[in-house]
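Quick note: to get the working numbering, add 13 to the position in the sequence shown (first position is 1). Every residue gets a Cβ at the ideal spot worked out from N, C-alpha and C, and that includes glycine.
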Amino acid sequence: METILKQQQNISFRAVTISDLKSIIRLYEQKQNIPFSGLNIPFDTDFGLPLYVAEYDDKIVGYSYVTLDSDEHALHTNINSKFSDTLINENLMKETEVIFKNEWQNNSNKNLSAAISQFVKWLNDSNSQN
């Protein structure tokens, strides 16, 4: 219990940057149990658009992302199982809701759909060049 409390105190949250993508992809692959990049399997729009990360000791231990389900946006989190904790998940989701509202409240789901599709296409193009 003490370890979990210590981890929670050292968790920080911030917006995603391009340098976070390797860690985000690694977490996604662990969750899906498929090495997409190693097998050259393309990502699809279920990968979503990453928005926020949770860090512990300068390592990304979770991230949040948005997808579109039946023309409605859906916010999700993906947290490393070693750090999976309700409080971390709740805090990451709260931070994500704020940034999503600030960045996307005046945009249509059509714009969000285009952003997700373009991001996934860029990600697949980048992976195919490695």
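Helix, strand or coil, according to DSSP, for residue i in the structure here?
i     : result
Ile73 : strand
Leu18 : Because Leu18 carries a pLDDT of 46, less than 50, the predicted location of this residue cannot be relied on, and the following value inherits that uncertainty. In the structure shown, Leu18 sits in a helix (DSSP, three-state: H, G or I).
According to the neighbour-count rule (16 or more other Cβ atoms, all chains shown, within 10 Å of its Cβ), is residue i buried or exposed?
i     : result
Leu52 : exposed
Can you tell which of the options has the C-alpha that lies nearest to the C-alpha of residue i?
i      : options                      : result
Lys44  : Asp70, Asp59, Ser139, Gln131 : Asp59
Thr90  : Asp84, Ser83, Val74, Ile24   : Val74
Lys72  : Pro63, Leu62, Asp84, Ser25   : Ser25
Ser126 : Glu85, Ile101, Ile31         : Glu85
Asp70  : Leu88, Pro48, Phe96          : Phe96
Glu110 : Asp98, Asn137, Val79, Asp57  : Val79
Trp117 : Asn104, Ala87, Ile101        : Ala87
Lys123 : Lys107, Leu81, Leu100        : Leu81
Phe132 : Ser36, Asp57, Lys114         : Asp57
Tyr65  : Asp33, Leu136, Ala128, Thr99 : Asp33
Asn93  : Ile31, Leu40, Asn115         : Leu40
Can you check DSSP and say which residues form a bridge with residue i?
i     : result
Ser97 : Answer is none; Ser97 lacks a bridge partner.
Pro63 : Tyr78
Tell me whether residue i, by its Cβ, gets closer than 8 angstroms to a heavy atom of the ligand ADP.
i     : result
Phe56 : For the structure depicted, the ligand ADP is absent and the ligand set is empty, with no information on it obtainable.
**Report entry** Every unbroken beta strand (DSSP E) inside the stretch 22-58 [3 residues or more]
**Finding:** Here the runs fully enclosed are 24-28.
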